[in-house]
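Novice: Questions regarding the structure given below will be posed in turn.
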Amino acid sequence: MLDALIPWYTTHARDLPWRAEDRTPWGVLVSEIMLQQTPVARVEPVWHAWVRRWPEPADLAKEEPGEAIRAWGRLGYPRRALRLHGAARAIVDEHDGRVPSSYEELIELPGIGDYTAAAVASFAFGHRHPVLDTNVRRVLARAVSGRRYPPNATTAAERRLAEELLPYDDAPTWSVAIMELGALVCTARAPRCRDCPLTETCAWRLAGSPEHDGPPRRGQAWAGTDRQVRGRLMAVLRDADGPVGKERLDAVWADGVQRERALDGLVADGLVEPLAQGYYRLPSGPA
DNA sequence: AAGGCGTGGCT
DNA sequence: TAGCCAAGCCT
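Remember, the working numbering sits 14 above the position in the first sequence when you count from 1.
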């Protein structure tokens, strides 16, 4: 089933740098972390700058964590930068500076969960692991299960299906192909079924493209949340050369209770380092 | 296991 | 316009 995926991929794949012939495991790992919840177009320039500046895990491991956060720029979810820095240090300390190749070792690294461990093991090392990201889940929901969207949380049935479908011959190419189809054609909001190589056998199409049934899909509040305040605080610290006085942080949000809560949260998360005299900076410390 | 966690483009 | 959405992870 889904035999048309790889032929479609060979003619429609985007030319992305972390897929190039000369890709490195470190470059693949960096790309996968950056791509967590962040679109390709925003990742690409930051990825180039990152791997040029830190070509090996050891290069990043020597830096302060704050430098990683600053280089992360506006990709969002800056905890990922902190965890990537932590992963680089763990790779140096525990793996002789080389990105480990096994799923079991990869998933032990900070910021690497099931998806990213499977993706790096597959795309950097050619191993066979089901790569179950949001694109794959959506394509399988439609093409196989006849539903517009997959369940909110990944189910055992989805894992079983992904494992059953994954070929033993060149699993990584199959995985990147189904991901690419989800990203370019079988998109969430307005799928381009006319351009889809699976359209004639797609269970969702054959069922008449029914609307989503099941519990509503969870949205993410933004305006007025602590996340918005945290984002503003981090922007000030990122754009500053050195320590920042409290009064400059106080200027980003009027509600003092919420502002303090957000700042405390950033400190607790290790994203901000408090200094004496009411000054703050991006973290210099070990973690 | 449900919710927190950034950012910006697209419809 | 205001949501919706983007290669998730962690607790």
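We put the CB at the ideal spot given by N, CA and C, even for glycine.
Since the model is a prediction, treat every value here as computed from it, not as a measurement.
Could you give the DSSP three-state label for E35: helix, strand or coil?
Specialist: In the first sequence, residue 35 corresponds to position 21, counting from 1. Reduced to three states, the DSSP call for E35 is coil.
Novice: DSSP three-state call for R295: helix, strand or coil?
Specialist: Taking the first sequence and counting its residues from 1, one reaches residue 295 at position 281. Three-state DSSP puts R295 in a strand.
Novice: Can you tell me whether W236 is buried or exposed? The criterion is at least 16 other CB atoms within 10 Å of its CB, across all chains shown.
Specialist: Counting from one through the first sequence, the residue named residue 236 turns up at place 222. Exposed, since its Cβ has fewer than 16 Cβ neighbours within 10 Å.
Novice: So G160 and A221 are in contact, right, with Cβ under 8 Å, and what is the actual spacing, rounded?
Specialist: On the first sequence, position 146 is the one that residue 160 refers to. On the first sequence, position 207 is the one that residue 221 refers to. At roughly 5 Å, the Cβ-Cβ gap stays under 8 Å, so G160 and A221 are in contact.
Novice: Taking the beta carbon of S223 as the centre, do at least 16 other beta carbons fall within 10 Å, making it buried, or is it exposed?
Specialist: For the purposes of this step, residue 223 is identified with residue 209 of the first sequence, where counting begins at 1. That one is exposed.
Novice: Straight-line CA distance for I20 to V190?
Specialist: If you number the first sequence from 1, residue 20 lands on position 6. If you number the first sequence from 1, residue 190 lands on position 176. If you take the alpha carbons of I20 and V190, they lie about 9 Å apart.
Novice: Classify N166 as buried or exposed, calling it buried when 16 or more other Cβ atoms lie within 10 Å of its own Cβ.
Specialist: In the first sequence, residue 166 corresponds to position 152, counting from 1. Burial call: exposed.
Novice: Rounded to whole angstroms, what is the Cα-Cα separation between N149 and R156?
Specialist: Counted from its first residue, the first sequence places residue 149 at position 135. Counted from its first residue, the first sequence places residue 156 at position 142. Taking the Cα positions, N149 is about 11 Å away from R156.
Novice: According to DSSP, E287 sits in a beta bridge with which residue or residues?
Specialist: Working through the first sequence from its first residue, we reach residue 287 at position 273. R295.
Novice: Pairs of beta-carbons, one from the segment 179-188 and one from the segment 117-129, closer than 8 Å: are there three or more?
Specialist: no
Novice: Return yes when the Cβ of V271 is within less than 8 Å of the Cβ of V258, no when it is not.
Specialist: As a position in the first sequence, residue 258 is number 244, starting the count at 1. As a position in the first sequence, residue 271 is number 257, starting the count at 1. The answer is no: Cβ separation not under 8 Å.
Novice: So the candidates are G41, P164 and P69; which of them puts its Cα closest to the Cα of T201?
Specialist: Start at 1 with the first residue of the first sequence, and residue 201 comes out as number 187. For T201, the nearest C-alpha among the options comes from P164.
Novice: How long is the line joining the alpha carbons of D227 and V199, rounded to whole angstroms?
Specialist: One-based indexing of the first sequence puts residue 227 at position 213. One-based indexing of the first sequence puts residue 199 at position 185. The straight-line gap from Cα to Cα measures roughly 22 Å.
Novice: So, with DSSP's three-state summary, where would you put V266?
Specialist: For this step, residue 266 is matched to residue 252 along the first sequence. Correct three-state label for V266: coil.
Novice: Considering only the beta carbon of each residue, do D44 and W64 sit closer than 8 Å?
Specialist: On the first sequence, position 30 is the one that residue 44 refers to. On the first sequence, position 50 is the one that residue 64 refers to. Before going further, note that residue 44 is Val rather than Asp in the sequence given. Yes, the pair counts as a contact, with Cβ atoms nearer than the cut-off.
Novice: Specify, as a first and last residue, the run of the alpha helix (DSSP H) that T168 falls within.
Specialist: In the first sequence, the residue the question calls residue 168 occupies position 154. T168 -> no alpha helix (DSSP H), and no H or E assigned at all.
Novice: Work out the CA separation of W22 and A95 for me, nearest whole Å.
Specialist: Within the first sequence, residue 95 is the residue found at index 81, counting from 1. Within the first sequence, residue 22 is the residue found at index 8, counting from 1. Answer to the nearest angstrom: the Cα atoms are 34 Å apart.
Novice: What does the alpha-carbon distance come out to for the pair D107 and G299?
Specialist: By 1-based counting over the first sequence, the position of residue 107 is 93. By 1-based counting over the first sequence, the position of residue 299 is 285. Using only the alpha carbons, I get a separation of about 17 Å.
Novice: From D110, G90 and V57, pick the residue whose C-alpha is nearest to that of A72; which is it?
Specialist: Translated into the one-based positions of the first sequence, residue 72 becomes position 58. Looking from the CA of A72, the closest CA among D110, G90 and V57 belongs to D110.
Novice: Can the beta-carbon of R244 be found closer than 8 Å to that of A276?
Specialist: Looking up residue 244 in the first sequence gives position 230. Looking up residue 276 in the first sequence gives position 262. The answer is yes: Cβ separation under 8 Å.
Novice: Is P144 closer than 8 Å to A132 when the C-beta atoms are compared?
Specialist: Against the first sequence, residue 132 aligns to sequence position 118. Against the first sequence, residue 144 aligns to sequence position 130. Yes, the Cβ-Cβ distance between A132 and P144 is below 8 Å.
Novice: Taking DSSP as the reference, what is the three-state secondary structure of G228?
Specialist: Your numbering for residue 228 matches position 214 in the first sequence. DSSP places G228 in coil when its eight states are reduced to three.
Novice: Tell me, to the nearest whole angstrom, how far the beta carbon of L146 is from that of Y129; I am working on the premise that it is less than 8 Å.
Specialist: The sequence position of residue 146 within the first sequence is 132, counting from 1. The sequence position of residue 129 within the first sequence is 115, counting from 1. Correct: roughly 6 Å between the Cβ atoms.
Novice: Hey, which unbroken runs of the alpha helix (DSSP H) at 4 residues or more fall wholly within the segment 115-175?
Specialist: 117-120, 128-137 and 148-157
Novice: Under 8 Å: do the segment 80-88 and the segment 31-40 share three or more Cβ pairs, one atom per stretch?
Specialist: no
Novice: CA-CA distance, V266 and A138?
Specialist: Locating residue 266 in the first sequence gives position 252, where the first residue counts as 1. Locating residue 138 in the first sequence gives position 124, where the first residue counts as 1. Roughly 42 Å between the two C-alpha positions.
Novice: Short check: CB of R252 to CB of L285, under 8 Å?
Specialist: As a first step, residue 252 must be located in the first sequence, where it is residue number 238. As a first step, residue 285 must be located in the first sequence, where it is residue number 271. Cβ atoms of R252 and L285: not closer than 8 Å.
Novice: With 16 other CB atoms within 10 Å as the buried threshold, where does G100 fall?
Specialist: Against the first sequence, residue 100 aligns to sequence position 86. Buried is the call here.
Novice: Just list the residues that DSSP pairs G245 with in beta bridges.
Specialist: Here residue 245 refers to the residue found at position 231 when the first sequence is read from its first residue. None; G245 has no bridge partner.
Novice: Among S136, R152, D264 and V158, which one has its Cα closest to the Cα of A197?
Specialist: For the purposes of this step, residue 197 is taken as the residue at position 183 of the first sequence. For A197, the nearest C-alpha among the options comes from R152.
Novice: Please identify the residue among H141, R28, Q234 and R67 whose C-alpha is closest to the C-alpha of Y117.
Specialist: Numbered from its first residue, the first sequence carries residue 117 at position 103. The shortest Cα separation from Y117 among H141, R28, Q234 and R67 belongs to H141.
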